[in-house]
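Student: Protein chains in written order, with the numbering used here: chain L, -6 to 330; chain C, 1119 to 1402.
Every residue gets a Cβ at the ideal spot worked out from N, C-alpha and C, and that includes glycine.
Handing you this structure, nothing more for now.
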Amino acid sequence: MLRLIAKRLIAAVPSLFGVVVITFLLTRALPGDPAAYFAGGAATAEAIEQVRRQLGLDRPLPEQFLRYLGDLARGEFGLSLTTGQPVLTELAQRLPASLEIVLVALVVACGIAVPMGVLAAVRQGSWIDQVCRVITTAGVSLPTFFTGLLLAYVFYFLLGWAPSPMGRLDPIFSTPPVVTGFLLIDSLIARDAAIWWAAAKQLVLPVATMAIFVLAPIARMTRASMLGVLSSDFVRTARASGLTPATVLFTYALRNALLPVITTLGMVFGFMLGGSVIVEKVFGWPGIGSYAIDALTASDYAPVQGFVLTMGVLFVFVNLLVDLLYLLVDPRVSVDS
Amino acid sequence: MSAPRSFWSHARHVLTENPVTLFAALLFAGLVVLAIAGPWIAPFDPLASNSSAALQPPSARHWFGTDALGRDMLSRVIIATRLDLGIALAAVAASFVIGLPLGLAAGYFGGWWDRIVTRLSDTIMAFPLFVLAMGIVAALGNTVGNIVLATAVINLPFYIRVARAEANVRRSAGWIEAAKLSGNRDLRILAVHLLPNALPAAAVQVSLNMGWAILNAAGLSFIGLGVRPPEPEWGILVAEGAQYIVSGEWWVSLFPGAALMLAVFTFNLLGDALRDLLDPRRRS
C-alpha cells in the first residue's frame, strides 16, 4: 500500500514539472521587453542593458529557468505593479474565497447529480431518465456567465430572495478574524451566527451557477457506471439470494458504481477551477480569478503568471488526491498489484 | 460503388429517425446562413449608436431591444455569429490538423516519439484548461488570433488521444503488415492506411469540440481577453449587458447569451448524431 502511494506521488512529479516549465515559457513570451519596462520610460539604451543584466535576462534560457525555479522555491512570485504587494501574499489571501465556492459547489453538485444518475439508471428509459438526459444536455450547453447573470436577474432583481450579487459579505457586516480564510468556518470560530448566515446567503447564487455547470458530467458518469454495475453478475447473485432491493442497490451496486465517479471528480474539479474565474467576475467575488482578471486589464503580468502557476499546481495536487482516494476506497487496486 | 449511396441513405435514416437530430440540423443550417449572410440580414448597422433610443426593451422596431448606446441588439447578435463560429472553427481545424498527425505518429511508431507526444498532451491536461487558455492569451497578446491559438492548444490533447488510440490498435493488424511487406514507406502507411481509419473518430471529436470551443472563446472575451469592443461577439455582448441586468434591463445580456447557448446546444446535438452516423458501435 505504501509503495503504491509512493508510486502515485512520484507519478505526479512530471506533471508538476510540466506545469512549471509551461508557466516559465509563458513568462518569457510576455509582450514587450521587461528590461525596458523596469528601467522606466526615459531610460537610455545603456540603462536598459544594465537592468537586463541585473534581471538575468541576458543569460541563456536554461540558466534563467534554474533561477526561476530558485525564485519559486523561495516563494518569490514577484510584485504586483498595481498594488505593490508580493503576488504570493495576495494569492494566499484570496485563494480561500475561490476554494469556498468551488468546494461548496462540488458538494452541492454531487448531492444532486449522484442521486439523479442513480435514479436514471434504476428507472432506465422512464421519464426520470429522460428528464435527467435533458438537464444534462442543457447543462453542458449553458455558458457559466449566462447562468450566473440569469440567476442574479431572477433571484435578486425579480424575486428579491438573494442579496445583492456583489462580493462575499454584505458591507454592513465586518469580516470575522481570519483563521482559515473560509468565511463559513471563520464565522463559526468567531461564534457569530449572523455573519455565517450572511456569508451563506452571498454564496448561494455563485455556488448554484457553478453546480449547474458540473451537474452534467457527474450525473452522466453515475448513470453509466450504475447501469454497468446493475447488469453485472454479482448484483444478479445478490438479488437471487433474496437480499432486499435496498441492500442490493446501496450496499452492492452503489458502492461499486461510485468508483469511476471518483475518477471523474478530478476532471470536474479542473472545469470548476476554470469556471471559477468567470463566476468570480460575474459576482464580484474577491478570489484569485478576479485578481487575475483585474491584473490583466491593468497589463500587470506578475499576478497573472502567479495565478496560472497556482491553478496548475493546485490541479496537479487535486488529481493526486483523487488517485490516492481511489487507492483507499477500492481494495482491489492494492490487491491486484 | 454502393458505399456513398448507403452512407446517404444511412444519413437520411439518422436524420428522420430522431426528430431532435433533424431539429439540430435545421438549427445548424440557420447558424451557417446567419454567419455567411449576416450583414445582409441584419436590419440595422450593428455599430450605429442612437442616444435617443438607448436601453429600449424589445419592440416591433427593435426585436431584441437596444443597448446603452442605442445600438440594435438583433443586428449585433446576428453579426456576431460569423466571428464566434469563425473563431471556433479555426481553432478546432488547427487542433485537428496538428493533433491528428502527432497522435497517429505516436501510436504507430511508439517509443520515444510516443513518449514525447504523450508527455506534451499530459502537460497540457495538467492545467485547468480555461486557465491555460487565459495564460496563453495574456502572454502572447490580446488578439483574436491568439484566442484561436489558445483554444486550439487546449483542444489538442483530445485529438492526439483519439488518433493515437486508433493508430495503436491497428499498427500490428494484418493488413498494415501486408502494406509494409509490399514496400510501403511508414509515411505512406500513415497517410493512406491509418489516417482514413482515424477520420470518423476524429470527426465526432470535431463536432463535440465545436460547442466547447465556442463556449471557451466566448468565456475569454467575457473576461476581457481577445475580441475588443465595439466588435460584436456573443461573450462581449453578454459582458456589456451584465451591469444592466441587476437593474432590470435583461434584454442586453439575455439575447446574445441565448444565441450562444443555442449554438453550443446545436453542436452538442450534432456531435451525438454524427457519432451515431459514423460510429454505430458507440451509440448512446
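Are the stretch 159 to 168 of chain L and the stretch 45 to 63 of chain L touching by the rule of at least three beta carbon pairs closer than 8 Å?
Tutor: Cβ pair count under 8 Å is below three, so no.
Student: Got a sec, what are the start and stop residues for the alpha helix (DSSP H) Asn1273/C sits in?
Tutor: Locating residue 1273/C in the second sequence gives position 155, where the first residue counts as 1. Here the alpha helix (DSSP H) through Asn1273/C covers Val1262 to Arg1288.
Student: Using a Cβ cut-off of 8 Å (strictly closer), state whether Leu1312/C contacts chain L.
Tutor: Position 194 of the second sequence, counted from the start, is the residue given in the question as residue 1312/C. With 8 Å as the cut-off, Leu1312/C does not count as an interface residue toward chain L.
Student: Start and end of the alpha helix (DSSP H) containing Arg161/L?
Tutor: Residue mapping note: residue 161/L aligns to position 168 of the first sequence, counting from 1. Per DSSP, Arg161/L belongs to no alpha helix (DSSP H) and is neither H nor E.
Student: Answer yes or no: does any C-beta atom of chain C fall closer than 8 Å to that of Val241/L?
Tutor: To locate residue 241/L, count along the first sequence from 1; it is residue 248. With 8 Å as the cut-off, Val241/L does not count as an interface residue toward chain C.
Student: So, is the C-beta of Asn1327/C closer than 8 Å to a C-beta in chain L?
Tutor: Reading the second sequence from its first residue, position 209 is the one you call residue 1327/C. False, the Cβ-Cβ gap to chain L never drops below 8 Å.
Student: Using a beta-carbon distance below 8 Å, is Tyr284/L in contact with chain C?
Tutor: Against the first sequence, residue 284/L aligns to sequence position 291. Chain C contact via Cβ: absent.
Student: Using a Cβ cut-off of 8 Å (strictly closer), state whether Asp1202/C contacts chain B.
Tutor: Going by chain labels, chain B is absent from the structure shown, which instead holds the protein chains L and C.
Student: Rank Leu258/L, Ser73/L and Leu18/L by C-alpha distance to the C-alpha of Tyr294/L and give the top, closest one.
Tutor: Residue numbering aside, residue 294/L sits at position 301 when the first sequence is read from its first letter. Tyr294/L has its Cα closest to that of Ser73/L, out of Leu258/L, Ser73/L and Leu18/L.
Student: CA-CA distance, Ala1316/C and Gly1221/C?
Tutor: Within the second sequence, residue 1316/C is the residue found at index 198, counting from 1. Within the second sequence, residue 1221/C is the residue found at index 103, counting from 1. Cα to Cα, Ala1316/C sits roughly 10 Å from Gly1221/C.
Student: So, Ala1268/C versus Ala1320/C, is the Cβ gap smaller than 8 Å?
Tutor: Taking the second sequence and counting its residues from 1, one reaches residue 1268/C at position 150. Taking the second sequence and counting its residues from 1, one reaches residue 1320/C at position 202. No, the Cβ-Cβ distance between Ala1268/C and Ala1320/C is not below 8 Å.
Student: Report back the beta-carbon spacing between Phe1146/C and Phe308/L to the nearest angstrom; my notes put them in contact at under 8 Å.
Tutor: Counted from its first residue, the second sequence places residue 1146/C at position 28. Counted from its first residue, the first sequence places residue 308/L at position 315. The pair is not a contact, with the Cβ atoms about 34 Å apart (cut-off 8 Å).
Student: Is the number of C-beta pairs between the stretch 1334 to 1344 of chain C and the stretch 1210 to 1220 of chain C that are closer than 8 Å three or more?
Tutor: No: the two stretches stay apart, fewer than three of their Cβ pairs being nearer than 8 Å.
Student: With 16 as the cutoff for other CB atoms within 10 Å, does His1311/C come out buried or exposed?
Tutor: Along the second sequence, one-based indexing puts residue 1311/C at 193. Under this definition His1311/C is a buried residue.
Student: Can you find a C-beta in chain L that's less than 8 Å from the C-beta of Thr1241/C?
Tutor: Along the second sequence, one-based indexing puts residue 1241/C at 123. True, the Cβ-Cβ gap to chain L drops below 8 Å.
Student: Would you verify that the beta carbon of Leu251/L is, or is not, closer than 8 Å to some beta carbon of chain C?
Tutor: As a working mapping, residue 251/L is identified with position 258 in the first sequence. No, no contact with chain C.
Student: Using 8 Å for Cβ pairs, my map puts Thr215/L next to Ala250/L. What's the rounded Cβ distance?
Tutor: Position 222 of the first sequence holds residue 215/L. Position 257 of the first sequence holds residue 250/L. About 7 Å separates the two Cβ atoms, so the contact holds.
Student: Would you say Ser8/L reaches chain C, if we count a Cβ-Cβ gap shorter than 8 Å as a contact?
Tutor: For the purposes of this step, residue 8/L is taken as the residue at position 15 of the first sequence. By this cut-off, Ser8/L is an interface position.
Student: Check the C-beta distance from Met219/L over to Ala114/L and give it rounded, since I have them as a contact under 8 Å.
Tutor: Translated into positions along the first sequence, residue 219/L becomes position 226. Translated into positions along the first sequence, residue 114/L becomes position 121. At roughly 4 Å, the Cβ-Cβ gap stays under 8 Å, so Met219/L and Ala114/L are in contact.
Student: Do you know how far the Cα of Thr75/L is from the Cα of Phe304/L?
Tutor: As a first step, residue 304/L is located in the first sequence; it is residue number 311 there, counting from the start. As a first step, residue 75/L is located in the first sequence; it is residue number 82 there, counting from the start. The sequence given here places Met at residue 304/L; Phe does not occur at that position. Their backbone Cα atoms lie some 21 Å apart in a straight line.
Student: In angstroms, rounded to a whole number, what distance separates the CA positions of Gly1265/C and Leu289/L?
Tutor: Translated into positions along the second sequence, residue 1265/C becomes position 147. Translated into positions along the first sequence, residue 289/L becomes position 296. Sequence check: residue 1265/C is Ile here, not Gly. Rounded to the nearest angstrom, the two C-alpha atoms are 15 Å apart.
Student: What is the DSSP secondary structure of Thr1184/C, reduced to helix, strand or coil?
Tutor: Residue mapping note: residue 1184/C aligns to position 66 of the second sequence, counting from 1. Correct three-state label for Thr1184/C: strand.
Student: Against chain L, with Cβ distances strictly below 8 Å, would Gly1342/C count as a contact?
Tutor: The residue labelled residue 1342/C in the question sits at position 224 within the second sequence. Yes, contact with chain L.
Student: In chain L, which residues lie less than 7 Å from Pro1246/C when you measure between Cβ atoms?
Tutor: Locating residue 1246/C in the second sequence gives position 128, where the first residue counts as 1. The contacting residues are Gly263, Leu266, Gly267, Met304 and Phe308.
Student: Tell me the start and end of each unbroken alpha helix (DSSP H) in the stretch 1296 to 1348 of chain C that is at least 4 residues and wholly inside, in chain order.
Tutor: The qualifying runs are 1313 to 1340.
Student: Along chain L, in chain order, which residues have C-beta atoms closer than 7 Å to that of Met1379/C?
Tutor: For the purposes of this step, residue 1379/C is taken as residue 261 along the second sequence, with counting starting at 1. Chain L residues near Met1379/C: Ser134, Leu135, Pro136 and Phe139.
Student: Relative to the C-alpha of Phe150/L, which candidate in Glu1367/C, Thr1134/C and Asn1386/C has its C-alpha closest?
Tutor: For the purposes of this step, residue 150/L is identified with residue 157 of the first sequence, where counting begins at 1. When each option's Cα is compared against that of Phe150/L, the closest is Glu1367/C.
Student: Report the neighbours of Ser1213/C on chain L: residues whose CB is nearer than 9 Å to its CB, in chain order.
Tutor: Within the second sequence, the letter at position 95 stands for residue 1213/C. Within 9 Å Cβ-Cβ: nothing; Ser1213/C doesn't reach chain L, min ~17 Å.
Student: Quick one: which chain C residues come within Cβ less than 9 Å of Thr230/L?
Tutor: Sequence index remark: in the first sequence, residue 230/L carries index 237 (1-based). Under the 9 Å cutoff, chain C gives no residues; its nearest Cβ is about 28 Å from Thr230/L.
Student: If I measure Cβ to Cβ from Leu317/L and keep anything under 7 Å in the same chain, skipping five residues before and after, which residues do I get?
Tutor: Position 324 of the first sequence, counted from the start, is the residue given in the question as residue 317/L. Ile(-2) and Arg1, listed in sequence order.
Student: Verify the CB distance criterion: does Thr290/L have a CB-CB separation below 8 Å to chain C?
Tutor: Counting from one through the first sequence, the residue named residue 290/L turns up at place 297. At least one chain C Cβ lies under 8 Å of Thr290/L.
Student: Quick one: grab the DSSP three-state call for Leu318/L.
Tutor: Numbered from its first residue, the first sequence carries residue 318/L at position 325. Helix at Leu318/L.
Student: Using beta carbons (cut-off 8 Å, strictly below), is Trp1231/C in contact with chain L?
Tutor: Against the second sequence, residue 1231/C aligns to sequence position 113. So no, Trp1231/C is outside the interface.
Student: Would you call the CB atoms of Met260/L and Val95/L closer than 8 Å?
Tutor: As a working mapping, residue 260/L is identified with position 267 in the first sequence. As a working mapping, residue 95/L is identified with position 102 in the first sequence. No, Cβ-Cβ distance for Met260/L and Val95/L is not below 8 Å.
Student: Measuring alpha carbon to alpha carbon, tell me which of Trp278/L, Val241/L, Ala38/L and Gln298/L ends up nearest Leu162/L.
Tutor: As a working note, residue 162/L is residue 169 in the first sequence. The shortest Cα separation from Leu162/L among Trp278/L, Val241/L, Ala38/L and Gln298/L belongs to Trp278/L.
Student: List the residues of chain L whose Cβ lies closer than 7 Å to the Cβ of Ser1371/C, in chain order.
Tutor: Residue 1371/C sits at position 253 when you count from the first residue of the second sequence. Ordered by position in chain L, the residues that pass the 7 Å Cβ test against Ser1371/C are Leu142.
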